[in-house]
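Visitor: My questions will all concern the structure given below.
Residue numbers (the numbering used here): 1226 to 1615.
Structure representation (structure tokens):
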């Protein structure tokens, strides 16, 4: 510091290290500090006047901060990809402590009847987390693509996802490998997705406003051993010659339904798989298959839920209102204020229908009584809405 000379790096370092984005001081010497930049390296480059050699580690993302722990025997490093690493100073080894999405979370799903795991989707990836430990279990990467929606089949055999390149992709949940792809599912990206309880049909919504029904047929190899009626799968991610051959899948468009004039934001299906309801940014909710009624309202619908008895649907959107609608004739039963500031972006209802939960731009999770409208605000701030399972 007194001589204003570097003891780490060199004057030519800017050609490879890029912009220095963070620094931290040494605990035992205020005249020394460590820097890191966007070349993805955490670098200690000591000059020849010292007996130490250069040490570096590759990290995923540009380094954004460094914090020493205790007496400096360990330190933490974070990156712009939302990764938190712990380094041991002595041997300069590191381990990943925690990670999360670095872009907006577009959708989240729990497996049917299971609250121990949940899946999320965002820009470039789909991830599976453990609810109890908050640790990431699986990550599926599709570079430079945005995943708008996901769903988990009721039997847990696939993760289906909708992307902005107009494709529906299904993945094996054990390994994250691609199961099948539906090409050109929608013209302006796949914005909503749900599956039937029989796991042989998908219902998708697109940015152009169409709702489409897809039939999925599994073609099993003739020599595949069966267990519980399902194909045994390889545990390896690719090329396991000793593994059991896997099934192929045939997809077929069953029906394309044209009624919405703007992007479909959410689709929910009834328990008997005979009807589904879709919400759109064109201020309409439509009950399909039986085509009972169309619901119109002066709002951009963001989410919709079937009441477990299926005689009502509950909607919410940008007008901050929660609406109760009659399925039989599409009439509005009642309407209440769901938020004082900002739109309501997520909603789910318990299996008994007595309680539902909302989350929105006000960053509050509200637990509400379905019949008396008494609300309870959960005393923490969240950044995305988590589905509720009783």
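Using N, Cα and C, we set each Cβ at its ideal position, and we do this for glycine too.
Look at the alpha carbon of residue 1294 and the alpha carbon of residue 1308, and state the distance between them as a whole number of angstroms.
Guide: Straight-line Cα distance between these residues: approximately 17 Å.
Visitor: Starting from the Cα of residue 1510, find the closest Cα among 1360, 1541 and 1323 and give me that residue.
Guide: Checked all of 1360, 1541 and 1323; the closest Cα to residue 1510 is 1541.
Visitor: Answer with buried or exposed for residue 1339, where buried requires no fewer than 16 other C-beta atoms within 10 angstroms of its C-beta.
Guide: With fewer than 16 Cβ atoms within 10 Å of its Cβ, residue 1339 is classed as exposed.
Visitor: Would you mind sorting residue 1524 into buried or exposed? The rule is 16 or more other CB atoms within 10 Å of its CB.
Guide: Counting Cβ neighbours within 10 Å, residue 1524 comes out buried, since at least 16 surround it.
Visitor: Which whole-angstrom value describes the C-beta separation of residue 1372 and residue 1353, a residue pair presumed to lie in contact below a C-beta threshold of 8 Å?
Guide: Contact flag wrong, Cβ pair sits at about 13 Å.
Visitor: Return the CA-CA distance between residue 1423 and residue 1320, expressed in angstroms with no decimal places.
Guide: Between residue 1423 and residue 1320, the C-alpha separation is close to 42 Å.
Visitor: Between the Cα of residue 1305 and the Cα atoms of 1287, 1311 and 1312, which residue gives the shortest distance?
Guide: Checked all of 1287, 1311 and 1312; the closest Cα to residue 1305 is 1287.
Visitor: Could you tell me the distance, in whole angstroms, from the CA atom of residue 1507 to the CA atom of residue 1487?
Guide: If you take the alpha carbons of residue 1507 and residue 1487, they lie about 5 Å apart.
Visitor: Just mark residue 1387 as buried or exposed, buried being the case when its beta carbon has 16 or more other beta carbons within 10 Å.
Guide: So residue 1387 ends up on the buried side.
Visitor: Note the first and the last residue of the continuous beta strand (DSSP E) segment covering residue 1319.
Guide: Here the beta strand (DSSP E) through residue 1319 covers 1318 to 1324.
Visitor: So within the region 1486 to 1549, which uninterrupted beta strand (DSSP E) runs reach at least 3 residues, ignoring any that extend past its ends?
Guide: Here the runs fully enclosed are 1489 to 1494, 1501 to 1505, 1509 to 1512, 1519 to 1521, 1526 to 1531 and 1537 to 1542.
Visitor: Could you spell out where the beta strand (DSSP E) holding residue 1298 opens and where it closes?
Guide: From DSSP, residue 1298 is part of no beta strand (DSSP E); its letter is neither H nor E.
Visitor: If we require 3 or more residues per run, which beta strand (DSSP E) segments fall completely within the region 1543 to 1582?
Guide: Runs found: 1546 to 1551, 1557 to 1562 and 1569 to 1574.
Visitor: Curious, which full-length beta strand (DSSP E) runs of at least 3 residues does the region 1378 to 1411 contain?
Guide: Taking only runs of at least 3 residues, the beta strand (DSSP E) segments lying wholly in the region 1378 to 1411 are 1384 to 1388, 1393 to 1396 and 1403 to 1407.
Visitor: Answer with buried or exposed for residue 1317, where buried requires no fewer than 16 other C-beta atoms within 10 angstroms of its C-beta.
Guide: Looking at its Cβ environment, which holds fewer than 16 other Cβ atoms inside 10 Å, residue 1317 is exposed.
Visitor: Return the CA-CA distance between residue 1605 and residue 1585, expressed in angstroms with no decimal places.
Guide: Reliability fails at residue 1605, whose pLDDT of 35 lies under 50, so the model's placement of it is uncertain and the value that follows must be treated cautiously. Approximately 13 Å between the Cα atoms of the pair.
Visitor: Return the first residue and the last residue of the beta strand (DSSP E) that residue 1351 is part of.
Guide: Taken as a continuous stretch (DSSP letters only), the beta strand (DSSP E) holding residue 1351 covers 1342 to 1355.
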